[in-house]
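Numbering (this note's numbering), first residue to last: 12 to 362.
Quick notes on the structure that follows.
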């Protein structure tokens with residue numbers, strides 16, 4: 012998870028209740044299988060070393076995005092999350108390697124313990140590194156996809172294989188590996204008990220401005236008092252961090268996002284409206300998005316003008332070019348104090 016978006020998701024899932032809720036809501040349909048107080052830390056790095064046929068040492072190393080150990084009555088299980096902003100067309104193989112390395116690490120740890128204790132009972136146990144009664148902890152990995160479109164890649168190893176027609180009979184004997192893909196359009200938000208319910212709901216309707224606005228209004232109380240981790244996660248995943256950094260109010264670790272979210276919903280509505288008029292034309296889609304962003308910027312600027320702020324101060328707070336803010340203020344002067352955003356936008360095009 013190298014970028015800010017991935018870092019925000021990782022920070023959100025560091026809270027045990029959010030991590031456990033992701034698995035319970037997506038894989039177990041809301042059944043409380045994984046409990047927050049069962050979770051413990053595990054190192055994100057998995058490495059295994061072995062000697063090849065020529066005696067040369069070979070090492071394999073991988074880094075998990077998020078991994079936790081969940082204690083059971085007598086043993087434990089391993090739960091991991093791999094975040095993806097873009098489709099990964101080799102995901103089944105990638106996750107299969109991650110899981111295999113984790114199992115290999117478990118085998119090595121058990122084997123090292125037995126070699127130290129010298130408690131092997133025969134040559135088979137000695138060569139295996141395991142006693143007959145030894146068992147490994149199960150590993151479950153989720154691929155959490157939060158891109159702007161649908162996942163387009165394979166969901167299992169079979170999807171990635173090209174089996175020659177004359178060898179179709181071999182398929183039942185080939186091991187498959189299924190990806191536990193979790194994306195907003197595939198889950199039921201009602202299965203979640205934490206802010207994941209709000210996050211998945213908004214991500215699923217990110218292109219539906221009217222639907223988003225209605226949802227925000229119906230859940231205004233929840234959006235008025237959300238933890239900063241949720242705010243940061245939504246800000247990054249909805250691709251609107253610049254506006255929220257400037258306008259969201261943060262108090263005592265909580266954020267009031269209602270106003271910012273309604274602006275985002277309005278932008279989505281405007282963009283959708285513009286795209287509808289020019290469906291199928293790339294230029295129309297780009298123009299619609301730019302228009303929506305311009306109108307949103309105008310709204311933020313005029314809101315600050317009503318508070319008596321000057322151009323230089325507004326440009327600094329919104330992290331915008333001074334010339335752009337000057338043009339907006341010049342056009343807005345004709346429409347004070349009502350400040351009709353659409354009228355200001357059209358006036359700017361004349362300047």
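For glycine and all other residues, C-beta sits at the position ideal for the given N, C-alpha and C.
Check your understanding: alpha helix (DSSP H) containing residue 35: first to last residue?
Key -> Position 24 of the chain shown holds residue 35. In the DSSP annotation of this structure, the continuous segment of the alpha helix (DSSP H) that includes residue 35 starts and ends at 27-37.
Point to revise | Where residue 43 falls: helix, strand or coil (DSSP) | key: On the chain shown, position 32 is the one that residue 43 refers to. Look at residue 43 here: in three-state DSSP terms it is coil, with no helix or strand label.
Exercise for review: Work out the CA separation of residue 148 and residue 26 for me, nearest whole Å.
Suggested key: In the chain shown, the residue the question calls residue 26 occupies position 15. In the chain shown, the residue the question calls residue 148 occupies position 137. One Cα belongs to residue 26, the other to residue 148, and the distance between them is close to 23 angstroms.
Exercise for review: Tell me the start and end of each unbroken beta strand (DSSP E) in the segment 82-163 that is at least 3 residues and wholly inside, in chain order.
Suggested key: Runs of the beta strand (DSSP E) inside the segment 82-163: 87-95 and 150-156.
Practice item. Along the beta strand (DSSP E) that carries residue 76, what are the first and last residues, could you check? Key: By one-based count along the chain shown, residue 76 stands at place 65. For residue 76, no beta strand (DSSP E) segment is defined, and its DSSP state is neither H nor E.
Exercise for review: Apply the 10 Å Cβ neighbour rule to residue 361 and answer buried if 16 or more other Cβ atoms are within range, or exposed otherwise.
Suggested key: The count along the chain shown starts at 1 and reaches residue 361 at position 350. Exposed: under 16 other Cβ atoms inside 10 Å.
Point to revise | Residue span of the alpha helix (DSSP H) that contains residue 190, given as start and end | key: Locating residue 190 in the chain shown gives position 179, counting from the first residue. Note, residue 190: premise wrong, no alpha helix (DSSP H); not H, not E.
Check your understanding: Skipping 5 residues on each side, what residues in its chain have a beta carbon closer than 6 angstroms to that of residue 155?
Key -> Translated into the one-based positions of the chain shown, residue 155 becomes position 144. Counting only Cβ-Cβ distances below 6 angstroms, and skipping sequence neighbours, we find 92, 94 and 193.
Point to revise | Chain-order list of residues whose beta-carbon lies under 7 angstroms from that of residue 325 (same chain, five-residue window excluded) | key: One-based indexing of the chain shown puts residue 325 at position 314. Excluding residues within five positions, the ones whose Cβ falls inside 7 angstroms are 312, 315 and 336.
Review point. Which word fits residue 224, buried or exposed, when buried means at least 16 other C-beta atoms lie within 10 angstroms of its C-beta?
Key: Along the chain shown, read from residue 1 onward, the residue named residue 224 stands at position 213. With a threshold of 16 other beta carbon atoms within 10 Å, residue 224 meets it and is buried.
Check your understanding: Short check: CB of residue 50 to CB of residue 79, under 8 angstroms?
Key -> Counting from 1 along the chain shown, the entry for residue 50 is found at position 39. Counting from 1 along the chain shown, the entry for residue 79 is found at position 68. Contact: yes.
Exercise for review: Identify whether residue 65 lies in helix, strand or coil by the three-state DSSP scheme.
Suggested key: Taking the chain shown and counting its residues from 1, one reaches residue 65 at position 54. Of the three classes helix, strand and coil, the one that applies to residue 65 here is coil, per DSSP.
Practice item. Express the C-alpha separation of residue 67 and residue 190 in angstroms, rounding to a whole number. Key: As a first step, residue 190 must be located in the chain shown, where it is residue number 179. As a first step, residue 67 must be located in the chain shown, where it is residue number 56. Approximately 33 angstroms between the Cα atoms of the pair.
Point to revise | Three CB pairs or more closer than 8 angstroms across the segment 164-175 and the segment 203-215 | key: The segment 164-175 is not in contact with the segment 203-215.
Review point. If residue 359 sits next to residue 347, beta carbons under 8 angstroms apart, how far is it from one beta carbon to the other, in whole angstroms?
Key: Within the chain shown, numbered from 1, the residue matching residue 359 stands at position 348. Within the chain shown, numbered from 1, the residue matching residue 347 stands at position 336. Cβ-Cβ separation between residue 359 and residue 347: approximately 15 angstroms, too far for a contact (criterion under 8 angstroms).
Exercise for review: Please list, in chain order, all residues of the same chain as residue 291 whose beta carbon is under 6 angstroms from its beta carbon, the five residues on each side excluded.
Suggested key: If you number the chain shown from 1, residue 291 lands on position 280. Any reading at residue 291 is ruled out, since the residue's pLDDT is 45, under 50, leaving its predicted position unreliable.
Review point. Based on Cα-Cα distance, which residue from 101, 212, 199 and 317 lies nearest to residue 188?
Key: Within the chain shown, the letter at position 177 stands for residue 188. Out of 101, 212, 199 and 317, 101 has the C-alpha closest to the C-alpha of residue 188.
Point to revise | Residue nearest to residue 248 in terms of C-alpha spacing, selected from 213, 39, 228 and 232 | key: Walking along the chain shown from the start, residue 248 turns up at place 237. Checking every option, the nearest Cα to that of residue 248 belongs to 213.
Review point. Roughly how many whole angstroms lie between the Cα atoms of residue 233 and residue 329?
Key: Mapped onto the chain shown, residue 233 falls at position 222. Mapped onto the chain shown, residue 329 falls at position 318. Roughly 26 angstroms between the two C-alpha positions.
Point to revise | Collapsed DSSP secondary structure at residue 363 in the structure displayed | key: This structure cannot settle anything about residue 363, because the visible part of the chain is limited to 12 through 362.
Review point. Given a threshold of 16 other Cβ atoms within 10 Å of its Cβ, counted over all protein chains shown, does residue 403 qualify as buried or as exposed?
Key: Residue 403 lies beyond the residue range present for the chain, which begins at 12 and ends at 362; the question has no answer from this structure.
Exercise for review: Tell me whether residue 362 sits in a helix, a strand or coil according to DSSP, three-state version.
Suggested key: The residue you call residue 362 lines up with position 351 of the chain shown. Looking at residue 362 - three-state DSSP - the assignment turns out to be coil, as it is neither helix nor strand.
Check your understanding: According to DSSP, is residue 174 helix, strand or coil?
Key -> Numbered from its first residue, the chain shown carries residue 174 at position 163. It is coil, neither helix nor strand.
Check your understanding: Taking the continuous beta strand (DSSP E) assigned at residue 52, which residues delimit it?
Key -> Looking up residue 52 in the chain shown gives position 41. From DSSP, the beta strand (DSSP E) with residue 52 extends over 50-52.
Review point. Would DSSP call residue 238 helix, strand or coil?
Key: Stepping through the chain shown from its first residue, residue 238 is reached at position 227. In the three-state DSSP reduction, residue 238 falls in the strand class (E or B).
Exercise for review: Go ahead and label residue 43 buried or exposed: buried means 16 or more other beta carbons lie within 10 angstroms of its beta carbon, across all protein chains shown.
Suggested key: Walking along the chain shown from the start, residue 43 turns up at place 32. Counting the other CB atoms within 10 Å of its CB gives residue 43 a total below 16, which places it among the exposed residues.
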